[in-house]
Amino acid sequence: MRSKNLKRLKSFFLFDLPVRYSYVYSYFRKTHEGQRDIYASWPVEATRSQLINKYWNNALWHYLLLVVVAAVAVGLFNMQLNGMYMLAGVALGMAAYLPLYFLLYRPIFTSEFLPMLETAIAAYEGRERAWLEKCKQDQLSNRALVLLFYAFDKASKANYLNPSDRCADLLHKIFGASPDGIKKALDLIFKKDKRAKLGHRHFVEVGKSFEEAYAVLEAMQFSEGIQQLKHLEQQFNQ
Numbered sequence: 174m175r176s177k178n179l180k181r182l183k184s185f186f187l188f189d190l191p192v193r194y195s196y197v198y199s200y201f202r203k204t205h206e207g208q209r210d211i212y213a214s215w216p217v218e219a220t221r222s223q224l225i226n227k228y229w230n231n232a233l234w235h236y237l238l239l240v241v242v243a244a245v246a247v248g249l250f251n252m253q254l255n256g257m258y259m260l261a262g263v264a265l266g267m268a269a270y271l272p273l274y275f276l277l278y279r280p281i282f283t284s285e286f287l288p289m290l291e292t293a294i295a296a297y298e299g300r301e302r303a304w305l306e307k308c309k310q311d312q313l314s315n316r317a318l319v320l321l322f323y324a325f326d327k328a329s330k331a332n333y334l335n336p337s338d339r340c341a342d343l344l345h346k347i348f349g350a351s352p353d354g355i356k357k358a359l360d361l362i363f364k365k366d367k368r369a370k371l372g373h374r375h376f377v378e379v380g381k382s383f384e385e386a387y388a389v390l391e392a393m394q395f396s397e398g399i400q401q402l403k404h405l406e407q408q409f410n411q
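As structure tokens, this is what we get:
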């Protein structure tokens, strides 16, 4: 740990830590996720602004570190400092910021830090999109969710489901799925004329939805629900 901290201090002293991709990405992710825990709608642009502000804070601390090191070095070699020397040193230190700004901090900011930050943002958003896509792939389809609820509804003898907007709205509240998609799935289950109009491609998709629902019921070992679903599947195949 001590060795790691020394390396970080060395990198900061050389001013290469603030523009390292690993540092920029990890700090962006940590900051962004921390803010989203507080504000659900926290945008990427806000985190970007915070990291830009962090860069200039680092630049200021880096400059102050150089001034302190220079002052200590002068103090070690000149033990007879007086007020005038100290005042002149402070003035020179303040004047040295402008050359450092134009020759070091600003060029690094525009040519290294900003590209690194934009790359980190793109990578983070890409991973988020990939994660969301994986979630969508792992999630049951709307039709499979309705089939699953149908099996529970019939097995419990509640017999609540029907192809009404009220049922579609209830399932929308339960599953958070599209009401239109749920209504279409209910129509397929309860309306024979809708099933008769299914083309080959849609019929294959319905078969996949049955497989998804069967997989859940089998994992639960819910034999009654499986029987109810098989009975419904036979109606589709008639």
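Taken in order, the sequence shown gives residues 174 to 411; the numbers are from the numbering used here. Backbone N, C-alpha and C fix where the C-beta goes; we use that ideal spot for every residue, glycine too.
- Taken atom to atom, the span from the alpha-carbon of K346 to that of A219 is near 32 Å.
- For a cut-off of 8 Å, the C-beta gap from F201 to A293 is around 5 Å, short enough to register as a contact.
- DSSP, reduced to helix, strand and coil, places Y200 within a helical segment of the structure shown.
- For S396, the uninterrupted alpha helix (DSSP H) segment begins and ends at 396-410.
- With a beta-carbon spacing of about 4 Å, A232 and Y278 fall inside the 8 Å limit used to define contacts.
- Counting only residues of its own chain and dropping the five nearest sequence neighbours on each side, G354 has a CB closer than 7 Å to the CB of N315.
- DSSP, reduced to helix, strand and coil, places W229 within a helical segment of the structure shown.
- The three-state reading of DSSP puts K367 in helix, counting H, G and I together.
- Nearest to L238 by alpha-carbon distance, out of D210, A269, G380, is A269.
- Taking a 10 Å sphere around the C-beta of Y212, we find fewer than 16 other C-beta atoms and assign the residue as exposed.
- Within a 10 Å sphere around the beta-carbon of S382 sit 16 or more other beta-carbons, which makes this residue buried.
- In the DSSP assignment, V377 falls within the unbroken alpha helix (DSSP H) covering 373-393.
- Per DSSP, reduced to three states, the secondary structure at L344 is helical.
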